[in-house]
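For reference, the structure is listed below as structure tokens.
Residue numbers (this note's numbering), protein chains in the order written: chain C, 43 to 372; chain E, 150 to 486.
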């Protein structure tokens, strides 16, 4: 105890997601996905260079040959602190941003080196996320169980009827039956075209108005979400669910087990995780970037797994800094 | 080409003020100022010890020999660069806290080494305002003129201004003059750091001017905050008695010297963090919700001029595993039964 409480890297990470959000915010609703993402990547990388870690990107913008920055394997941080795995999504929901829809966020998670699960060629994962108060209601069998049964157990743990639950589901054709089943069970549904990291964050955050996330989304996003779920004390299940042509074969060839149900503890094997997210467009969890003429404001959530501290941060940035991060947006 | 920005210490400092607030809040309303202060000082020093700074306390709990922890000259932090001056007020408004009254908070400021003002004199006469009224104040001018110029700079009438000052017999004349000028008055019983910060955020807080005689260490802390917020202040040393008049002479200073924000805080890279202990107008106090404690804080930095408001939810069980019982106030409560 004499060496103090240790550093809370989440407090440094918030500057990273704030920078990404400030850079991307100007691109809201302009109909194009790439420029906002590129601006966010550049800003995130710039700020990440000041964080005292010896980081390796394990979940990034893609493989080295397809992404110029924040590619998988890139060394980030100032090289002076602890060795950490880094997972980033500078714009989680690029099409949400491009169309001015809610809940586009900038996110980053870090955990000790070698503790983040590596998705390899796996693109898709079937997920279930709940908050701390419904931890006990789910088990690895829940993913395969009928949705009505799972929702009944969650409602029971929360001491309310199923009708009082809100379930986050991505609005994709693959989820037609799932959505029908949730409706038939009586729960309310929050449909979003993209962004299931935000959905997982909502499901794991007490009082957000969203109780559960169900459905198939990105595997890398699943690892990022698991970091937040661990820090929040929630529960998560994930099972690989190949959707793309050739994905199944590639996943099996890579030695991944498609029958295995992973938990948040498998997806990130340490409680020493740090997570930060900043709103780009207005959302359920936090407002997006707002421009005031004198600068811009951002809202963020940051957390540290070890202490369980969850912080919300409203920041007022002066124009000078906003211009610095997005000198000429378009 | 965009340049990277360096470390923002304000974000780390907030853990220091949060820790002091969490520890002190347990002792709210127990009429035990010493216990509350000790709890805050202990927690503050504990968190400061893990910060990667080479810090020297310049505004602390007292002078060396008077106090065991956070005394002036004490080295804090891990000893790694940057070398910084550290100004602490673990509890601003300790009597407020001891009586469960609103407005107690914890504050820390950090600036480059040898940039914060130090005096042995306890008091300063102050006038502080926000960014809009910058350049409009003159501590040597009559109260009426200052208020007229502040109102003009802010595009308002004098009777729309709110002036805050400590409720002390020494302010009888000041109160009379403000009344005659037509401005509204807010009298506070203790703790002028918060009002000083609030005067610089007039649009958020409804307080426009801080006036009157208050603590010198508090003046330095306010100066650090004003540097971040772009506010303005002028101060003069105010000796209480013959002994302090002598001190004034020994320090080679006189009562006519006007100290500006830049005199009290000469640094260009200044960081401030503030956390509420009891509910106040600037910040909410610590709240307990079965296994969790919630704190609200304010962080600022001079270079970027950015301000961050933070609400934190602390898991008390996990905090205990990391930090022991220091946030629970038990030890201090028993020691001072």
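Just so you know, even glycine gets a beta-carbon here, dropped at the ideal spot from N, CA and C.
These numbers were taken from a predicted model, which means no experiment stands behind them.
{"Item": "Residue 356 of chain C (DSSP reduced to helix, strand or coil)", "Value": "strand"}
{"Item": "Cβ pair residue 256 of chain E, residue 311 of chain E closer than 8 Å", "Value": "no"}
{"Item": "Own chain residues within Cβ distance below 7 Å of residue 364 of chain C, not counting five before or after", "Value": "64, 337, 338"}
{"Item": "Amino acids of chain E, ordered along the chain, whose beta-carbon sits closer than 9 Å to that of residue 243 of chain C", "Value": "Result: empty, since nearest Cβ-Cβ is about 14 Å, beyond 9 Å."}
{"Item": "Enclosing beta strand (DSSP E) for residue 303 of chain E [first to last residue]", "Value": "No beta strand (DSSP E) holds residue 303 of chain E; the alpha helix (DSSP H) holding it covers 292 to 303."}
{"Item": "Partners in chain E for residue 184 of chain C, counting only beta-carbon separations shorter than 7 Å", "Value": "The premise fails here: residue 184 of chain C is roughly 26 Å from chain E at the closest Cβ pair, so nothing lies under 7 Å."}
{"Item": "Coarse secondary structure for residue 291 of chain C, derived from DSSP in three states", "Value": "helix"}
{"Item": "Proximal residues of chain C, C-beta to C-beta of residue 455 of chain E below 7 Å", "Value": "357, 358, 359, 360, 363"}
{"Item": "Three CB pairs or more closer than 8 Å across the segment 322 to 338 of chain C and the segment 431 to 450 of chain E", "Value": "no"}
{"Item": "Residue 250 of chain C at chain E interface by Cβ criterion, 8 Å", "Value": "no"}
{"Item": "Partners in chain E for residue 348 of chain C, counting only beta-carbon separations shorter than 8 Å", "Value": "467, 471"}
{"Item": "Beta-carbon proximity of residue 114 of chain C to residue 93 of chain C, cut-off 8 Å", "Value": "no"}
{"Item": "Alpha-carbon spacing of residue 53 of chain C relative to residue 347 of chain C, whole angstroms", "Value": "13 Å"}
{"Item": "Rounded distance between the beta-carbons of residue 416 of chain E and residue 290 of chain E, thought under 8 Å", "Value": "About 28 Å separates the two Cβ atoms, so there is no contact after all."}
{"Item": "Contained beta strand (DSSP E) runs [length at least 3] in the segment 377 to 415 of chain E, N- to C-terminal order", "Value": "381 to 386"}
{"Item": "Among E:453, E:343, E:396, E:463, nearest to residue 272 of chain E - alpha-carbon criterion", "Value": "E:396"}
{"Item": "Residue 144 of chain C and residue 324 of chain C closer than 8 Å at C-beta", "Value": "yes"}
{"Item": "Identity of the residue in E:277, E:315, E:465, E:236 nearest residue 337 of chain E by Cα", "Value": "E:315"}
{"Item": "Simplified DSSP state of residue 212 of chain C, which is helix, strand or coil", "Value": "strand"}
{"Item": "Proximal residues to residue 211 of chain E (C-beta, below 8 Å), its chain only, five neighbours per side dropped", "Value": "220, 221"}
{"Item": "Cutoff 8 Å: residue 50 of chain C Cβ touching any chain E Cβ", "Value": "yes"}
{"Item": "Near-chain C residues of the segment 423 to 435 of chain E - C-beta to any C-beta below 7 Å", "Value": "none"}
{"Item": "Residues near residue 340 of chain C by beta carbon distance below 6 Å, same chain, minus five either side", "Value": "60, 63, 320, 331, 357"}
{"Item": "C-beta atoms of residue 245 of chain C and residue 326 of chain C nearer than 8 Å", "Value": "no"}
{"Item": "Segments of 4+ residues assigned as alpha helix (DSSP H) that fall wholly inside the segment 65 to 153 of chain C", "Value": "76 to 90, 136 to 140"}
{"Item": "Whole-angstrom C-beta distance between residue 129 of chain C and residue 265 of chain C, which should lie under 8 Å", "Value": "6 Å"}
{"Item": "Sequence-distant residues of the same chain with beta carbon closer than 6 Å to residue 111 of chain C, five excluded per side", "Value": "83, 87"}
{"Item": "Spatially closest choice to residue 267 of chain E from E:346, E:452, E:206, by CA coordinates", "Value": "E:206"}
{"Item": "Spatially closest choice to residue 460 of chain E from C:345, C:359, C:360, by CA coordinates", "Value": "C:345"}
{"Item": "Those runs of the beta strand (DSSP E) which lie wholly inside the segment 244 to 288 of chain E and span at least 3 residues", "Value": "254 to 261, 272 to 278"}
{"Item": "8 Å Cβ cutoff, residue 315 of chain E in contact with chain C", "Value": "no"}
{"Item": "For residue 213 of chain E and residue 158 of chain C, the rounded distance between their alpha carbons", "Value": "49 Å"}
{"Item": "In chain order, each alpha helix (DSSP H) run of at least 4 residues that lies wholly inside the segment 182 to 245 of chain C", "Value": "189 to 199, 218 to 227"}
{"Item": "Beta carbon proximity, residue 263 of chain E to chain C, threshold 8 Å", "Value": "no"}
{"Item": "Any C-beta of chain C under 8 Å from that of residue 191 of chain E", "Value": "no"}
{"Item": "Given 8 Å, three or more beta-carbon pairs between the segment 282 to 291 of chain C and the segment 198 to 205 of chain C", "Value": "no"}
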